[in-house]
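Here's the structure we're looking at; comments come further down.
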């Protein structure tokens, strides 16, 4: 009986967790030795093309720098690799039909449906690593998830995106 009472709480927790997670994918050149990349710099021409606010760009770049430095890769004026970003976003509209079966608060809704509409913004952040000597893309990570418009949660959400994406770098080291 207790399990039945806890089921709605579990389902709600699962749903809320699914909304906050970041789905991540990464691709890379399998011919590249990623151990040779010991330093990085940001690729300004690529970053300037990202269609987000300058404040969000700064937040993303600070998060990337913190993660790379934590991995032992130093920021440098003469880097081994360049880092660029790209973003996309789309509005998602969900329409649910709720049916008024039974004697609820209004018996006149018997058998009728009324729509419930919700909108969310889903965004993707691409982080590109470019070999500075060859000027070739060697690694790309993509994180997709729901965005927040709450200013007090924005930096936290950006950090979550970046951390989730960079867990896939370097290739083959994801579980360490």
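In mature numbering (1 follows the signal peptide of the UniProt record, and there is no 0), the protein residues as written are -25 to -1, 1 to 151.
Ideal placement from N, C-alpha and C gives every residue a C-beta, glycine not left out.
All of these numbers come straight from a predicted model, not from anything done at the bench.
Cβ-based neighbour list, residue i, same chain, cut-off 6 Å, excluding 5 preceding and 5 following
| i | result |
| --- | --- |
| residue 158 | In the structure as shown, the chain begins at -25 and stops at 151. Residue 158 is therefore absent and cannot be evaluated. |
Proximity to residue i [Cα-Cα], best of the options
| i | options | result |
| --- | --- | --- |
| residue -3 | 129, 119, 133, 132 | 119 |
| residue -5 | 131, 62, 109 | 131 |
| residue 7 | 113, 25, 40 | 113 |
| residue 127 | 115, 17, 31, 19 | 31 |
Same chain, Cβ closer than 8 Å to residue i, five either side skipped, listed in chain order
| i | result |
| --- | --- |
| residue 138 | 38, 42 |
| residue 115 | 1, 2, 3, 101, 102, 103, 104 |
For residue j and residue i, the rounded distance between their alpha carbons
| i | j | result |
| --- | --- | --- |
| residue 44 | residue -1 | 22 Å |
| residue 11 | residue 5 | 14 Å |
| residue 143 | residue 58 | 15 Å |
| residue 117 | residue 71 | 30 Å |
| residue 3 | residue 107 | 15 Å |
| residue 24 | residue 61 | 7 Å |
| residue 93 | residue 65 | 14 Å |
| residue 110 | residue 69 | 42 Å |
| residue 16 | residue 146 | 20 Å |
| residue 22 | residue 33 | 10 Å |
| residue 46 | residue 9 | 12 Å |
| residue 125 | residue 67 | 18 Å |
| residue 18 | residue 129 | 24 Å |
8 Å Cβ cutoff met for residue i and residue j
| i | j | result |
| --- | --- | --- |
| residue 102 | residue 140 | yes |
| residue 35 | residue 133 | yes |
| residue 123 | residue 99 | no |
Cβ shell of residue i (< 7 Å), same chain only, five flanking positions each side left out
| i | result |
| --- | --- |
| residue 40 | 50 |
| residue 135 | -4 |
| residue 29 | none |
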